[in-house]
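In the numbering used here, the protein residues as written are 10 to 269. Don't be surprised by glycine CBs; every beta carbon is placed ideally from N, CA and C. See below for the structure under consideration.
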C-alpha cells in the first residue's frame, strides 16, 4: 500500500518521564512512514483517557495511533498498524506489546497477561471482550469521534478495556496485527508488578460499573490464564497467580470505597 504523508498521527500521553519520552519519540522518528507526533503532557493528572482524547483533538491524521511514553515502537510499526484501517478493512487495529531480553520475571508475567487477554479477546467467556492495550492501538478518526475514551477513569487502569469493549459492541473490535510490535520498557519488580495489578483491579471495578452486563470471565478463561503464566516459566507463573489475588483486592477496595 502507498501511504501519503500526513494521513497518520501518533498520540503519546506522558506525565513527568522525559527520559522515557525521548526514547519513545526517537523510535517514532525512525519510522519509515512520516507521521505527525502529538505528545500530551498530563501535568494536572487528569488521566490517560483525557490525554488520549486531547491528542485526538489536536491530531490531523485520518488514522490515529496510540502508544505510551515507556514504549518504543519497532521499525514498520505505523505502516503495519494503520494499513487495515487505511484500506477500509477495519476501523481499529492493535498489535503485540513485548518486553526485551533483559526482562524480569515480573515483566514476563505482565507480558503473558497482556498477550493472553489479546488472544482471548473474541472468545466467549473472556473477561475483556475486544481487548486491546492502548500502548499499541490505532483507530480511524471517525471511530474515535464516535467513541472517545471515558474520562471518568482516573488512572491507567480499565479505560482501555472499556474503550475496546464499546468498540467491539459496535462491530469495530480492533483487528490484531502481529507485525505491529511495540517494545515495552522492562524492569518491573515483583512488588511494583503487584501494585500495578492492584491498580488494575480498581480499574476493573470501574470497568464493570461503567456498563451493565459486564462481569468476570469464565472459570475456563482464568484457568487458561494460569496455564499461560506457567508456560512462560515457574516464576512468571507464580506471579500471574499472585496477580489474580492482587487484582481481586483492588476490586474489593474500589467497591468498599464506593459504599462509603
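- For residue 143, the CB contacts under 6 angstroms within the same chain, skipping 5 residues up- and downstream, are 75, 169 in chain order.
- Boundaries of the beta strand (DSSP E) around residue 82: 80 to 82.
- Residue 137 counts as buried, since no fewer than 16 other beta carbons sit within 10 angstroms of its beta carbon.
- Taking the CA atoms as reference points, residue 48 sits about 34 angstroms from residue 234.
- Comparing C-alpha distances from residue 32 to each of 66, 77, 120, 268 shows the shortest one belongs to 77.
- Taking one beta carbon from each stretch, the region 77 to 87 and the region 114 to 123 have fewer than 3 pairs nearer than 8 angstroms; the two do not touch.
- Residue 265 has its alpha-carbon roughly 11 angstroms from the corresponding atom of residue 211.
- Secondary structure of residue 75 (DSSP, three-state): strand.
- If you keep only unbroken alpha helix (DSSP H) runs of at least 4 residues inside the region 40 to 125, you get 57 to 67, 86 to 95.
- Shortest Cα-Cα distance from residue 133 to any of 104, 154, 172, 224 involves 224.
- Residue 122 and residue 249 have their C-alpha atoms roughly 7 angstroms apart.
- In this structure, DSSP gives residue 214 a helical state, which the three-state scheme calls helix.
- Within its own chain, the residues whose Cβ lies closer than 7 angstroms to the Cβ of residue 229, once the five positions on either side in sequence are excluded, are 134, listed in chain order.
- In the three-state DSSP reduction, residue 200 falls in the helix class (H, G or I).
- Residue 34 and residue 92 have their C-alpha atoms spaced approximately 21 angstroms apart.
- Residue state for residue 189 is assigned as coil, using DSSP reduced to three classes.
- In the three-state DSSP reduction, residue 184 falls in the strand class (E or B).
- Annotation for residue 51: 22, 23, 24, 57, 59, 60 place their beta carbon closer than 8 angstroms to its own, counting only its chain and skipping 5 residues before and after.
- The bridge partners DSSP lists for residue 146 are 75, 103.
- With contacts defined by Cβ atoms closer than 8 angstroms, residue 17 and residue 37 do not form a contacting pair.
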